[in-house]
Amino acid sequence: MADSLEGRISAEHERLEPLFAAAHRALAGEATDPALRALADLRREIETHTAQEDRLYYPALWSLCPEHQERLRRFIQEHERFRGRLAEITRFVTQHELAAAADAFSTFARSFATHEVYEEELLRAIDRSDPWGEDETGASHPA
Ligand SMILES: [Fe+2]
Ligand SMILES: [Fe+2]
5 MADSLEGRIS AEHERLEPLF AAAHRALAGE ATDPALRALA DLRREIETHT
55 AQEDRLYYPA LWSLCPEHQE RLRRFIQEHE RFRGRLAEIT RFVTQHELAA
105 AADAFSTFAR SFATHEVYEE ELLRAIDRSD PWGEDETGAS HPA
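According to the working numbering, the sequence shown holds residues 5 to 147 in order.
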C-alpha cells in the first residue's frame, strides 16, 4: 500500500541515499570543507527522519501494537547511537583525520542500512497485521 507507514518510511530512507553517497564521495577526497558540508546535510536529514520516528511514528505504533514496543524502543536507542557516531565522524574531519572519518563513515553507513532494513521488515509485518483497522479499500472496520 503506497500510503502505508512502511511505504512512507521506506520513501524517507530512499531520500537519505543520495546524501549518504555524497558524504562517501566527499570523505574520499582530501578537502575538509566539502566533507563537513556533506556530513552536515546528512546529519540534518537524519535528525529530521529519526525525530519523526522517535516522537511520532513509533509511539503511535506501540500504543496500537504494544507487543512491538520493545523492538521500537530499541530502534530509538539506535538513533541515539547513530547521532553520536555522526558527531564523532564530524570531529574526525574537523581534526583533518579524513581517512579515519572515511573508515568510521563506512561502518556507520552499513549499520544505518541494516537498521533501515530491520525497520522496514517490522513495519511491513505490522502493516500486514492491519493495526489501523482498515480494509483494503481504506475504509475503517465498524467498531
Ligand atoms: Fe530508524
Ligand atoms: Fe528509519
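Here a beta-carbon is modelled for each residue, glycine too, at the ideal position from N, C-alpha and C.
Output the distance between the C-alpha atoms of residue i and residue j, rounded to the nearest integer angstrom.
| i | j | result |
| --- | --- | --- |
| residue 27 | residue 131 | 33 angstroms |
| residue 73 | residue 108 | 30 angstroms |
| residue 9 | residue 20 | 17 angstroms |
| residue 135 | residue 69 | 7 angstroms |
| residue 111 | residue 93 | 11 angstroms |
| residue 88 | residue 82 | 10 angstroms |
| residue 119 | residue 133 | 21 angstroms |
| residue 100 | residue 37 | 10 angstroms |
| residue 48 | residue 54 | 10 angstroms |
| residue 77 | residue 66 | 9 angstroms |
| residue 97 | residue 58 | 28 angstroms |
| residue 114 | residue 24 | 10 angstroms |
| residue 33 | residue 102 | 8 angstroms |
| residue 52 | residue 11 | 17 angstroms |
| residue 56 | residue 71 | 21 angstroms |
| residue 35 | residue 41 | 11 angstroms |
| residue 44 | residue 18 | 18 angstroms |
| residue 63 | residue 121 | 20 angstroms |
For residue i, does the three-state DSSP call read helix, strand or coil?
| i | result |
| --- | --- |
| residue 100 | coil |
| residue 63 | helix |
| residue 135 | coil |
| residue 8 | coil |
| residue 88 | helix |
| residue 35 | coil |
My assumption, with CB atoms under 8 angstroms, is that residue i sits in contact with residue j. Please give the rounded CB distance.
| i | j | result |
| --- | --- | --- |
| residue 123 | residue 13 | 6 angstroms |
| residue 116 | residue 86 | 6 angstroms |
| residue 105 | residue 39 | 7 angstroms |
| residue 126 | residue 75 | 6 angstroms |
Counting contacts by CB-CB distance shorter than 9 angstroms, is residue i in contact with chain D?
| i | result |
| --- | --- |
| residue 84 | Within the model displayed, chain D is absent; a lone protein chain is all it includes. |
Counting by C-beta, which residues lie closer than 6 angstroms to a heavy atom of ligand 1, in chain order?
54, 57, 79, 83, 119 and 123
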